[in-house]
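Asks: In the UniProt record's numbering, the protein residues as written are 1 to 209. Quick reminder that beta carbons are idealized off the backbone N, C-alpha and C, glycines included. One structure is given below, represented as structure tokens, and several questions about it will come after.
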């Protein structure tokens, strides 16, 4: 008599664990790089001469594009060769051209908006990066909802999470440490006082003489 036995669960192998870890590691790397992007581009903020900035946000943006050109194109082509990928971008491979270019445009416009926000912020730079990352999560969720349409049921917890994201942005921005505003040098006060000290005061003795 044969007795059917229930199949036993096969524990995940090292290969499957690596497949799970690789996306997580690259996601963490993205957060690290983009988290440092805002403070880095903030160093390129233009000094003001007579109230006008010395350069526009487009000047550092040009070199952001050069960095994309060097890393994305040259690095991408090099890694395609390492992976043994074909250099055919037509036919079935045209989706890489269409969606890759569209995603690149979105990334470039996002970098332009972020650069402009960091370069033109006056005391509000601490709000920029929390709004960017908190808003990006909410936008991704909304785009997913619109793409799926009415085929899935949306959990109300999603809207609660979006509200908590806004609260988190405010909390992070209010508690991020930053330096104090530069104080006015003491020479300004002394220079403004010197003209008054130089004016002679007429007394009765001087008038009599």
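Spatial neighbours of residue 112 within its chain, please: C-beta separation below 7 Å, excluding the five flanking residues on both sides.
Replies: Start at 1 with the first residue of the chain shown, and residue 112 comes out as number 112. Result list for residue 112: 61, in chain order.
Asks: From the DSSP secondary-structure annotation, give me the bridge partner or partners of residue 49.
Replies: Translated into positions along the chain shown, residue 49 becomes position 49. For residue 49, which the question treats as bridged, DSSP gives the partners 52.
Asks: Near residue 47, what residues of its chain come up, given a Cβ to Cβ distance below 6 Å and the 5 sequence neighbours on each side ignored?
Replies: Locating residue 47 in the chain shown gives position 47, counting from the first residue. So the list reads 54, once near-sequence residues are dropped.
Asks: Spell out a yes or no on whether the stretch 36–52 and the stretch 91–106 are touching, meaning 3 or more CB-CB pairs, one atom from each, closer than 8 Å.
Replies: The stretch 36–52, when compared against the stretch 91–106, does not touch it at the 8 Å Cβ threshold.
Asks: Taking the alpha helix (DSSP H) that residue 60 falls in, what are its first and last residues?
Replies: One-based indexing of the chain shown puts residue 60 at position 60. Element bounds for residue 60: 58–68.
Asks: Going by C-alpha to C-alpha distance, which of 141, 137 and 158 sits closest to residue 31?
Replies: Start at 1 with the first residue of the chain shown, and residue 31 comes out as number 31. When each option's Cα is compared against that of residue 31, the closest is 137.
Asks: Which residues bound the alpha helix (DSSP H) around residue 175?
Replies: As a first step, residue 175 is located in the chain shown; it is residue number 175 there, counting from the start. It spans 156–175 - the alpha helix (DSSP H) in which residue 175 sits, taken as one unbroken run.
Asks: State the CB to CB distance for the pair residue 129 and residue 57, rounded to an integer number of angstroms; the pair is presumed to be in contact (CB under 8 Å).
Replies: In the chain shown, residue 129 corresponds to position 129, counting from 1. In the chain shown, residue 57 corresponds to position 57, counting from 1. With a Cβ gap of about 16 Å, residue 129 and residue 57 do not count as contacting.
Asks: Can you tell me where the alpha helix (DSSP H) holding residue 76 begins and where it ends?
Replies: If you number the chain shown from 1, residue 76 lands on position 76. Note, residue 76: alpha helix (DSSP H), 75–82.
Asks: Using the Cα positions of residue 154 and residue 164, report the straight-line distance between them to the nearest angstrom.
Replies: Within the chain shown, the letter at position 154 stands for residue 154. Within the chain shown, the letter at position 164 stands for residue 164. Rounded to whole angstroms, residue 154 to residue 164 spans 17 Å at the Cα level.
Asks: Nearest-angstrom Cα distance between residue 185 and residue 173?
Replies: Residue 185 sits at position 185 when you count from the first residue of the chain shown. Residue 173 sits at position 173 when you count from the first residue of the chain shown. Only weak support exists for where residue 185 lies, its pLDDT of 47 falling under 50; the value from the coordinates is given anyway. Approximately 29 Å, taken between the alpha carbons.
Asks: Note down the Cα distance separating residue 76 from residue 69, rounded to an integer number of angstroms.
Replies: If you number the chain shown from 1, residue 76 lands on position 76. If you number the chain shown from 1, residue 69 lands on position 69. Cα to Cα, the separation comes out at about 10 Å.
Asks: What did DSSP end up calling residue 187 once you bin it into helix, strand or coil?
Replies: As a first step, residue 187 must be located in the chain shown, where it is residue number 187. With a pLDDT of only 48 at residue 187, under the threshold of 50, the placement of this residue in the model should not be trusted; the figure read from the coordinates follows. Helix, per DSSP.
Asks: Do residue 131 and residue 167 have their beta-carbon atoms positioned less than 7 Å apart in this structure?
Replies: Your numbering for residue 167 matches position 167 in the chain shown. Your numbering for residue 131 matches position 131 in the chain shown. Cβ distance not < 7 Å, so residue 167 and residue 131 don't count as in contact.
Asks: Are residue 176 and residue 106 close, meaning C-beta to C-beta below 7 Å?
Replies: Counting from one through the chain shown, the residue named residue 176 turns up at place 176. Counting from one through the chain shown, the residue named residue 106 turns up at place 106. It is not a contact, given that the beta carbons lie outside the stated cut-off.
Asks: Would you call residue 134 buried or exposed, if buried means 16 or more other Cβ atoms sit within 10 Å of its Cβ?
Replies: Walking along the chain shown from the start, residue 134 turns up at place 134. By the 10 Å Cβ count, residue 134 comes out buried.
Asks: Report the rounded CA-to-CA distance for residue 18 versus residue 79, giving the unit in angstroms.
Replies: As a first step, residue 18 is located in the chain shown; it is residue number 18 there, counting from the start. As a first step, residue 79 is located in the chain shown; it is residue number 79 there, counting from the start. Near 20 Å, if we compare the C-alpha coordinates of residue 79 and residue 18.
Asks: Would you kindly work out how many angstroms separate the C-alpha atoms of residue 158 and residue 140, rounded to a whole number?
Replies: Taking the chain shown and counting its residues from 1, the one referred to as residue 158 is at position 158. Taking the chain shown and counting its residues from 1, the one referred to as residue 140 is at position 140. Their backbone Cα atoms lie some 12 Å apart in a straight line.
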